[in-house]
Amino acid sequence: MEHYGIPTGGGLTSGISALKYLPFKDRIANWAVSNQKFLAKGYTDYYEFLRRVKIDIGISLVTHTQRKIIKGGIIDEFGRIMKFEEYEGDGTIITAYHGGYLKNFEEYESWIRPDPHEPKRLAAYLAGKEVQEQMNNEILSVPAIGGMMEPSWEAFGFERFSRILGHPKQAKKVFDDNGELALELTKILADHGAELILIWDDYGFKNGPFMSPKSFRTYVFPWLKRICVEAHKRGSKILLHSDGDLMLLFDDIVDCGVDALNPIEPTTANPEYDIFKLKEKYGDKITFVGNISPVMLAEGTISEIEDYSKKLIQELAPGGGYIFSSGHSINPAITVDRWEAVMRVREKYGTYPIQAS
Amino acid sequence: MIIELDVDNIASAVQNQLDACVDPFTVLEALTKGMDEVGRRYETNEYFLAELVLAGETMKEAFAILKPHLTTSNADARTQIIAATVRGDNHDIGKNILSTMLLSAGIDVIDLGMDCPADKIVQAVKGSGAKVVALSCLLTMTMREISTVDKALRDAGLRDDVKLIVGGAPLNMAIAKELGADDYGADAIDGVRRIKALLEV
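Protein chains in written order, with numbering that gives the first Met the number 0: chain A, 0 to 356; chain B, 0 to 200.
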């Protein structure tokens with residue numbers, strides 16, 4: 000952030016340091032994430048940083064808040080153990096998943112579920128919007144909510160979750176709880192004018208879906224469809240984030256009515272999971288967001304990065320339906336010069352009408 | 000029962016077999032056949048990751064009952080390998096399922112856990128004489144750790160005695176080789192196959 004003139008130490012880092020010394024830290028942290036003014040202050044630096052890096056979309060975190068502060072991290076409201084880690088290369092603080100807090104279904108049933116109507120949800124969204132407006136809408140603030148798959152398995156860890164999945168009634172309860180939460184939040188956010196809502200989920204990994212397409216059709220997609228219907232009724236659009244090879248789920252995702260899908264992971268094991276082939280097949284039904292390979296960004300040459308970025312814009316952007324973005328994340332292994340190479344390509348080739356290759 | 004993923008009842012079923020004086024190795028063979036079938040179903044998209052992991056959980060339940068009954072001499076004959084998730088990386092689904100699949104394939108795993116520093120791996124190789132080190136890494140920013148482990152094994156004079164196989168989201172065979180690994184497993188099933196080949200078992 001220093002490179003872009005944003006002082007570091009104002010956000011997560013100082014928050015973590017301060018919490019170590021504060022009494023009533025859970026209560027103070029809960030106040031902080033429920034207070035629109037306090038949240039807006041945090042978003043100001045974050046969105047300003049995005050503006051300087053030339054990223055157009057920032058998120059406001061409507062779910063995933065802490066339930067309990069633990070040594071080196073938090074247990075979030077879904078029951079995920081999240082720890083703050085420092086990347087050795089440049090000291091970046093990363094929040095990393097360290098397993099599920101809930102050991103079994105009995106523990107799940109006694110866990111207090113996140114309430115969609117808590118004031119902090121709307122406060123987070125409105126804080127993001129407030130900063131967006133202060134910045135003359137140069138950044139689009141997109142509220143992010145947990146989806147059905149990731150919060151379901153990460154509350155337990157995958158091994159314990161697989162046991163839950165072996166008991167259909169238990170599995171249905173867990174997925175339904177997360178579906179109900181996401182649906183209610185979608186309605187609340189859309190009712191308050193959110194143009195785009197990010198369903199922050201993960202359906203798969205490099206070798207395919209986390210569970211069978213049949214299980215997705217039983218537990219996840221009925222909710223996803225309802226979420227899309229309710230969003231569309233209110234004039235909002237749905238952006239779904241899911242890593243992994245989603246080939247076996249793609250038709251379902253499109254049929255549910257998802258408007259845009261991120262990040263079209265470029266390093267899956269499936270050569271058919273290729274953004275150029277997918278755009279050809281589904282380009283009139285869904286918007287594609289992403290695909291600049293994080294591996295290439297970290298390890299490739301600048302000219303490889305430039306060539307691929309140019310190819311994405313020139314082949315996918317004509318006619319619309321493509322948002323230029325990372326194929327997973329801009330992680331700390333990616334140096335500033337590499338990111339700036341991507342942005343140079345965007346500036347040169349990313350304005351309509353798109354120049355042919 | 001492995002194929003049916005009956006995690007709740009496998010332990011009692013194994014106990015019943017043992018109580019009926021069925022040879023523990025016959026029970027183990029049946030379990031292994033079950034895991035092989037699960038692996039086949041995974042590769043043909045009948046089963047997916049959740050089923051593969053649940054089969055692993057089922058196998059673990061069975062093995063906990065069975066292990067004390069497998070005689071010492073035969074247990075000693077089992078080959079050992081080392082598995083770890085590289086330093087800075089806290090993802091273990093892939094490593095854990097590989098470990099369970101290896102268990103059923105007759106290969107014991109010294110599991111060094113997640114976020115594992117290279118020197119701990121070197122010490123484990125020295126201490127165990129393991130011929131294979133399997134490394135998992137999910138993050139682009141941690142994949143360079145594979146080279147660190149490769150170098151640490153070289154510096155310790157152990158690299159010629161041990162094969163390094165890797166797996167994880169940002170990797171493929173070319174990147175794996177470039178980072179100093181000998182082999183790359185595309186998934187847990189492929190990993191087991193390749194580790195067996197590296198061990199020549």
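All C-beta atoms, glycine included, are put in the ideal place defined by N, C-alpha and C.
Item, Value
"Over the uninterrupted alpha helix (DSSP H) stretch that includes K70(A), give me the two end residues.", "Neither: K70(A) is in no alpha helix (DSSP H) and is coded neither H nor E."
"Just to confirm, does L69(B) get its C-beta within under 7 Å of one of the non-hydrogen atoms of the ligand COA?", "Because no ligand of any kind appears in the structure shown, any question about the ligand COA cannot be addressed here."
"Could you list which residues in chain A have their beta carbon closer than 8 Å to that of D186(B), in chain order?", "N206, A268"
"The segment 89-103 of chain B: which residues have C-beta closer than 7 Å to a C-beta of chain A, in chain order?", "N89, I92, N95"
"Identify the residues that DSSP records as bridge partners of M81(A): which are they?", "I73(A), Y96(A)"
"By a C-beta neighbour count over all protein chains shown, 10 Å radius and 16 as the cutoff for buried, is S127(B) buried or exposed?", "exposed"
"Would you decide whether V13(B) is buried or exposed? Buried here means 16 or more other CB atoms lie within 10 Å of its CB.", "buried"
"Taking Cβ positions only, does T84(B) come closer than 8 Å to chain A?", "no"
"Compare the C-alpha of E149(A) against each of L121(A), E264(A), A355(A), D201(A) and name the closest.", "D201(A)"
"Quick one: what's D110(B) bridged to in DSSP?", "A82(B)"
"What three-state label does DSSP hand H2(A) in the structure shown?", "helix"
"Residues in the same chain with beta-carbon distance under 8 Å from Q354(A), minus the five sequence neighbours each way, listed in chain order, please.", "Q313, Y348"
"Which partner residues does A259(A) have in the DSSP bridge list?", "L238(A), T286(A)"
"Name the chain B residues that come within less than 8 Å of H97(A), Cβ to Cβ?", "N89"
"Terminal residues of the continuous beta strand (DSSP E) containing F62(B)?", "From DSSP, F62(B) is part of no beta strand (DSSP E) but of the alpha helix (DSSP H) over 48-65."
"Buried or exposed: where does M142(B) fall if 16 or more other Cβ atoms within 10 Å of its Cβ makes it buried?", "buried"
"Determine, using beta carbons only, whether G165(A) comes closer than 8 Å to chain B.", "yes"
"Can at least three beta-carbon pairs, one atom from the segment 77-94 of chain A and one from the segment 150-163 of chain A, be found at a separation below 8 Å?", "yes"
"Based on the DSSP secondary-structure assignment, which residues constitute the bridge partners of P142(A)?", "S59(A)"
"Once DSSP output is grouped into helix, strand and coil, what is the label at W110(A)?", "coil"
"Just how far apart, CA to CA, sit K32(B) and L163(B)?", "27 Å"
"Rounded to whole angstroms, what is the Cα-Cα separation between E105(A) and F160(A)?", "13 Å"
"Which bits of chain A does E56(B) rub up against, with CB to CB less than 8 Å?", "E158, S161, R162"
"Less than 8 Å separating the beta-carbons of G146(A) and I198(A)?", "yes"
"So if DSSP puts D7(B) in a beta bridge, which residue, or which two residues, is it bridged to?", "DSSP lists no partner for D7(B)."
"When you compare only the Cα positions, how much space is there between E137(A) and Y351(A)?", "18 Å"
"Given E144(B), which residues of its chain have a CB within under 6 Å of its CB, disregarding the five upstream and five downstream residues?", "V85, R86"
"According to DSSP, simplified to helix, strand and coil, what is Y183(B)?", "strand"
"Given this structure, state the Cα-to-Cα distance separating I58(A) from A143(A), to the nearest angstrom.", "6 Å"
"Which partner residues does G203(A) have in the DSSP bridge list?", "P208(A)"
"So, is E60(B) buried or exposed, given that buried needs 16 or more other C-beta atoms within 10 angstroms?", "buried"
"Return the bridge partner residues of V37(B) from the DSSP annotation.", "In DSSP, V37(B) forms no bridge with anything."
"Starting from A297(A), find everything on chain B with Cβ-Cβ shorter than 8 Å and list it in chain order.", "T139, M140"
"Distance check for D149(B) and E56(B), CA to CA, integer angstroms please.", "32 Å"
"Is there a C-beta anywhere in chain A that falls below 8 Å from the one on V26(B)?", "no"
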